[in-house]
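J.: Supplied in structure tokens, the structure appears directly below.
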Amino acid sequence: MQAMNTLQDLLNSICSLKIATEGFQQELGQLREDVAQINGEEMKERLKYLDKQARMMEEMKEQLGLVKERVSLSASASEVVSWTALCETLTGKTFDEQEAGKEEEEGSREKEERSRAKEKRSREKEERSREKE
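In terms of the working numbering, the numbers along the sequence shown are unbroken and rise by one, the last being 148.
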């Protein structure tokens, strides 16, 4: 009888282990699916990002081509005349000398205007003093 009880306990333990193993296998299968799905979604996101980067690179290449074309259409350095060289050729003075001359002209104009204003004030003052007499 004791052997029968031990055999029954052993069968119960085996059955419990079999049920537990099946549960673990189901959970493991679900985890594998989840991991595969996560990796798939992550890969999709990365592929979308890489596709976006590739499109941006193509746009940049097109823009670079346009810039190169514009640069090639612009005048070469040998065809461009600098402002200072043009001033020297036309006026016989360097650009700096010409600018200094302008400043002197502006300064003399200001002095002239101040002296006119001073003369005007003195005339007005004289007229007021005559009116008082």
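In this text, a Cβ means the ideal position worked out from N, Cα and C, and glycines have one as well.
For clarity, every value in this text was computed on a predicted model and none was experimentally measured.
1) Alpha carbon to alpha carbon, what distance is there between residue 81 and residue 73?
2) State the DSSP-derived secondary structure class of residue 16, mapped to helix, strand or coil.
3) Pull up the distance between the alpha-carbon of residue 83 and that of residue 45, whole angstroms please.
4) What's the C-alpha gap between residue 67 and residue 76?
5) Whole angstroms are fine: how far does the CA of residue 123 sit from the CA of residue 129?
6) Inspect the beta-carbon positions of residue 10 and residue 113 and report whether they are closer than 9 Å.
7) On the three-state DSSP scale, how would you describe residue 123?
8) For residue 106, report the span of its alpha helix (DSSP H) as first-last.
T.: Concretely, from the data shown:
1) As a position in the sequence shown, residue 73 is number 58, starting the count at 1. As a position in the sequence shown, residue 81 is number 66, starting the count at 1. Rounded to whole angstroms, residue 73 to residue 81 spans 13 Å at the Cα level.
2) Position 1 of the sequence shown, counted from the start, is the residue given in the question as residue 16. Coil, per DSSP.
3) The residue you call residue 83 lines up with position 68 of the sequence shown. The residue you call residue 45 lines up with position 30 of the sequence shown. Rounded to the nearest angstrom, the two C-alpha atoms are 57 Å apart.
4) Position 52 of the sequence shown holds residue 67. Position 61 of the sequence shown holds residue 76. Distance between the alpha carbons of residue 67 and residue 76: 14 Å.
5) In the sequence shown, the residue the question calls residue 129 occupies position 114. In the sequence shown, the residue the question calls residue 123 occupies position 108. Distance between the alpha carbons of residue 129 and residue 123: 10 Å.
6) Because the chain here runs from 16 to 148, residue 10 falls outside it and cannot be looked at.
7) Here residue 123 is taken as the residue at index 108 of the sequence shown, counted from 1. Residue state, collapsed to three classes: helix.
8) The sequence position of residue 106 within the sequence shown is 91, counting from 1. Residues 98 to 106.
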